[in-house]
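J.: My questions will all concern the structure given below.
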Amino acid sequence: MAATDVSSDKTPRTERGRRTLRKLLDAAATEFAEKGFHEASISGITRSAGVALGTFYTYFDSKDAIFRALVSDMSAGVGKAAREAIEPSMGALEVERAALCAFLEFAAEHKEIYRIIDEAEFVDPESYRAHYETIGARIEERLRVGAEGGEYRPDLGPPEAWALMGMNVFLGLRYVIWAREGDPDFAEVARRANAFLARGIAGSNA
């Protein structure tokens, strides 16, 4: 994931600094996921990252600060995964299939995202809200582009974007966090969700 949300006066300006920041964020992800925000500690983060305690304060002022940065970093990681999965030649529906599959794969590699984002609702509500509003805005923009291309209805907006985001989040919960033996693979989950978007669920007698 790409490091984000570090105060401008503490933004690393060297490759070594960026690697250290990455170590701290990755260690924080493990610490917060395993212990929760209140039981996690800065010393635990630095031990896991393999850096001196004083180094932490080169990048962050507090445990709250690195938690906020981690939520922002995870949100950026979700967006990056989706962007990398989307190709210019894809149609609007294919874009959504690829973005969902990329999210499921990202969540499988970073399962801690669910606990950390959920905890953000109480630890830092502003970061929690920003996470979902940012993703919702990305999806809304994709719907707008699809509508302009004639592949979607022209009246799609925030309600549809948030409904789509909710579907993706809960598919990740079910097929990544609560995965069971015999589940379809991520590509099949994304394909079926895509068919749901394309055709809906109404039968011929509806």
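The number in my numbering is simply the position in the sequence shown, starting from 1, with 1219 added. We treat Cβ as the ideally placed atom computed from N, Cα and C, and that holds for glycine.
Can the beta-carbon of isoleucine 1305 be found less than 7 Å from the beta-carbon of alanine 1317?
T.: Here residue 1305 corresponds to residue number 86 of the sequence shown, with the count starting at 1. Here residue 1317 corresponds to residue number 98 of the sequence shown, with the count starting at 1. A contact, by the Cβ cut-off of 7 Å.
J.: Apart from the five residues just before and just after methionine 1293, which ones in its own chain have a Cβ nearer than 8 Å to its Cβ?
T.: The sequence position of residue 1293 within the sequence shown is 74, counting from 1. Excluding positions up to five away in sequence, the list reads Met1220, Ala1248, His1329, Ile1332, Ile1335, Ile1336 and His1350.
J.: Spatial neighbours of glutamate 1340 within its chain, please: C-beta separation below 8 Å, excluding the five flanking residues on both sides.
T.: As a working note, residue 1340 is residue 121 in the sequence shown. So the list reads Tyr1347, once near-sequence residues are dropped.
J.: Can you tell me the Cβ-Cβ gap for alanine 1259 and leucine 1243, rounded? I've got them flagged as a contact below 8 Å.
T.: Looking up residue 1259 in the sequence shown gives position 40. Looking up residue 1243 in the sequence shown gives position 24. Alanine 1259 to leucine 1243, Cβ: 13 Å. No contact.
J.: Pick out whichever of Ala1246, Gly1391, Pro1403 and Arg1399 has its Cα sitting closest to the Cα of phenylalanine 1286.
T.: Within the sequence shown, residue 1286 is the residue found at index 67, counting from 1. Comparing Cα positions, the closest option is Ala1246.
J.: Suppose contacts are defined by Cβ-Cβ distances below 7 Å. Is proline 1377 in contact with glutamate 1360 by that definition?
T.: In the sequence shown, the residue the question calls residue 1377 occupies position 158. In the sequence shown, the residue the question calls residue 1360 occupies position 141. Contact flag unset, no.
J.: Under the rule that 16 or more other beta-carbon atoms within 10 Å means buried, what is alanine 1380, buried or exposed?
T.: For the purposes of this step, residue 1380 is taken as the residue at position 161 of the sequence shown. Buried.
J.: Taking 7 Å as the cut-off, decide whether the C-beta atoms of phenylalanine 1256 and threonine 1265 are in contact.
T.: Residue mapping note: residue 1256 aligns to position 37 of the sequence shown, counting from 1. Residue mapping note: residue 1265 aligns to position 46 of the sequence shown, counting from 1. Not closer than 7 Å, so no.
J.: Whole angstroms is fine: what's the gap from alanine 1252's alpha carbon to methionine 1309's?
T.: For this step, residue 1252 is matched to residue 33 along the sequence shown. For this step, residue 1309 is matched to residue 90 along the sequence shown. When rounded, the distance between both Cα atoms is 36 Å.
J.: What are the boundary residues of the alpha helix (DSSP H) that includes leucine 1383?
T.: One-based indexing of the sequence shown puts residue 1383 at position 164. Looking at the DSSP string, the run of the alpha helix (DSSP H) that includes leucine 1383 is 1377 to 1391.
J.: Between valine 1290 and arginine 1393, what straight-line distance do the alpha-carbon atoms span, to the nearest angstrom?
T.: The residue labelled residue 1290 in the question sits at position 71 within the sequence shown. The residue labelled residue 1393 in the question sits at position 174 within the sequence shown. For valine 1290 and arginine 1393, the distance between alpha carbons rounds to 21 Å.
J.: Here's the rule: buried if 16 or more other CB atoms are within 10 angstroms of the residue's CB, otherwise exposed. What is valine 1297?
T.: One-based indexing of the sequence shown puts residue 1297 at position 78. Burial call: buried.
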